[in-house]
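Step one of this worksheet: look at the structure below.
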Amino acid sequence: MNLYEHTIVAKQDVSPSQIKQLTDKYSKIVEKNDGNLVKTENWGLLNLSYMIKKNKKGNYIHFKFKGNGKIINELEKNESIDKNLLKYMTVKVKKFDLNTNYFEKKEEKETKS
5 MNLYEHTIVA KQDVSPSQIK QLTDKYSKIV EKNDGNLVKT ENWGLLNLSY
55 MIKKNKKGNY IHFKFKGNGK IINELEKNES IDKNLLKYMT VKVKKFDLNT
105 NYFEKKEEKE TKS
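Shown next as structure tokens:
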């Protein structure tokens with residue numbers, strides 16, 4: 005099985021319940037196609053480098069999973085017709101970094117120390 009990191013960017017006006025629905029929807033697609041979802045991260049609302057479809061910000065959701073290429077085809081087929089998404093990207097990796105959370109809030113880091 006190959007290791008993949010998959011990130012989707014939803015529109016800035018998507019509600020938290022819609023973010024949860026998007027996360028569940030794409031997690032189920034991975035599992036339905038014999039994939040193994042290792043980790044899901046909600047990075048929150050972040051600034052975009054440039055405007056995409058009149059949006060300056062986007063809600064980022066990041067998935068780490070094991071699987072085959074047919075999962076990628078199924079994910080991208082569904083994402084291309086989803087009106088709530090701005091962008092999506094999949095990267096094949098050699099190993100997962102499960103320890104580092106790059107988008108953790110500073111207050112959360114201080115309370116853990």
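Here the sequence shown is numbered in my numbering, starting from 5 and rising by one per residue. The C-beta atom is built at its ideal place from N, Cα and C for all residues, glycine as well. In this text the structure is predicted, and so the values were computed from the model without any measurement.
**OP:** Drop a sphere of 10 angstroms on the beta-carbon of Y8, count the other beta-carbons inside from all chains shown, and report buried for 16 or more, exposed for fewer.
**Re:** buried
Original post:
Less than 8 Å separating the beta-carbons of S46 and V13?
Top reply: Before going on, a small fix: residue 46 reads as Asn here, not Ser. No, they are not a contact pair.
Subject >> Which listed residue (I33, N77, K15, D101) has its alpha carbon closest to that of L50 >> reply: K15
Original post:
What do you reckon, are the CB atoms on N88 and Q22 nearer than 8 Å?
Top reply: yes
Subject >> DSSP state of Y54 mapped onto helix, strand, coil >> reply: strand
Subject >> Cβ pair I65, K91 closer than 8 Å >> reply: no
Original post:
Going straight from the alpha carbon of F69 to that of S53, what length do you get?
Top reply: 26 Å
Original post:
Would you call I85 buried or exposed, if buried means 16 or more other Cβ atoms sit within 10 Å of its Cβ?
Top reply: exposed
Original post:
Ordered along the chain, which non-local residues of its own chain (more than five positions away) have a Cβ less than 8 Å from that of E80?
Top reply: Y92, T94
Subject >> Best match in D38, T44, N59 for proximity to F100 [C-alpha to C-alpha] >> reply: T44
Original post:
Should G48 go down as buried or exposed, given a rule of 16 or more other Cβ atoms within 10 Å for buried?
Top reply: exposed
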